[in-house]
Amino acid sequence: MDQVTTGVHQVSKGVNAFIIDGDDGVVLVDAGLPKRHGAIVGGLASIGRSVGDVRAIVLTHAHADHFGGAAALKRQTGASLIASDIDAPVIEGLRPVPAPPILDLPVLRLIARLVPSPESATVDERVTIGAITVAPDLEVIPTPGHTDGHISLLLDRAGGVLFVGDAAMATRSGGVQRGFMNRKSPTFDSSLVVMAHLEFAVACFGHSGPITSGASGAFRSFVDSL
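Heads up, the sequence shown is in our numbering, so the first residue is 156 and it goes up one at a time.
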């Protein structure tokens with residue numbers, strides 16, 4: 156596990172999930188792959204926290220690598236599970252999990268087949284935009300494109316921390332790109348523009364390392380190139 160900034164930790168087990176440690180307890184952003192939630196539990200222990208300290212689990216979107224551990228973590232923690240109102244029916248097992256936007260690539264189809272089916276879980280709070288009831292320092296930013304209900308989350312801490320989910324990826328040089336899981340579309344590019352107009356110092360991604368300074372500027376530079 157790596158500390159991204161004060162009180163924000165990245166747990167990497169095939170995909171990134173995040174632990175936000177605060178005075179009022181812990182918030183998890185995303186839940187990782189099915190049957191890999193133990194890495195998050197271990198991450199909590201490494202910072203002196205336990206599952207009982209978790210008050211909310213917030214999911215950026217309804218793909219198995221991001222909500223696969225949600226049901227197990229919800230049982231262990233008793234925390235509220237939060238997701239967008241659009242993606243919530245998928246997480247609850249009422250609609251099929253949507254394919255990532257570029258599963259027409261053979262290697263990605265193979266990877267998708269290797270991911271175990273996620274266990275469904277009841278969503279306690281369905282969000283659209285604005286503050287989350289049980290985590291008011293997190294602002295919901297709708298960023299559709301990767302899924303219809305994809306959200307990003309802006310934490311009011313350390314100059315602003317944006318949890319991007321799969322709405323973009325960081326490059327090795329600290330820039331921003333669409334990433335291997337997205338294709339150009341008006342909806343997706345509009346979400347990139349929305350993020351570029353926010354102010355945040357740090358950006359955390361589902362499938363790359365974080366940008367730890369000047370992150371909103373990196374988004375603006377990328378948007379200017381579209």
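By construction, the Cβ of each residue, glycine as well, lies at the ideal position given by its N, Cα and C atoms.
Asked	Found
For residue 256, the nearest candidate out of 215, 177, 343, 281 (CA to CA)	343
Contained alpha helix (DSSP H) runs [length at least 4] in the segment 176–237, N- to C-terminal order	193–201, 219–222, 225–232
Rounded C-alpha distance that separates residue 340 from residue 206	39 Å
Cα-Cα separation between residue 356 and residue 254, rounded to whole angstroms	31 Å
Residue 162 to residue 212 span [Cα, whole Å]	16 Å
Residue 286 classed as buried or exposed, judged by whether at least 16 other C-beta atoms fall within 10 angstroms	exposed
C-alpha gap between residue 308 and residue 191, whole angstroms	23 Å
Option nearest residue 273 by Cα separation, candidates 289, 246, 297, 293	246
Between the CA atoms of residue 230 and residue 197 - distance to the nearest angstrom	16 Å
Nearest-angstrom Cα separation, counted from residue 244 out to residue 278	8 Å
Backbone CA spacing between residue 297 and residue 345 [nearest angstrom]	10 Å
Inter-residue spacing [alpha-carbon to alpha-carbon] between residue 322 and residue 374	11 Å
Coil, strand or helix - residue 297 by DSSP	strand
Rounded straight-line distance, which links the Cα of residue 330 to that of residue 227	35 Å
Per-residue DSSP class, three states only, for residue 273	coil
Between the CA atoms of residue 379 and residue 168 - distance to the nearest angstrom	33 Å
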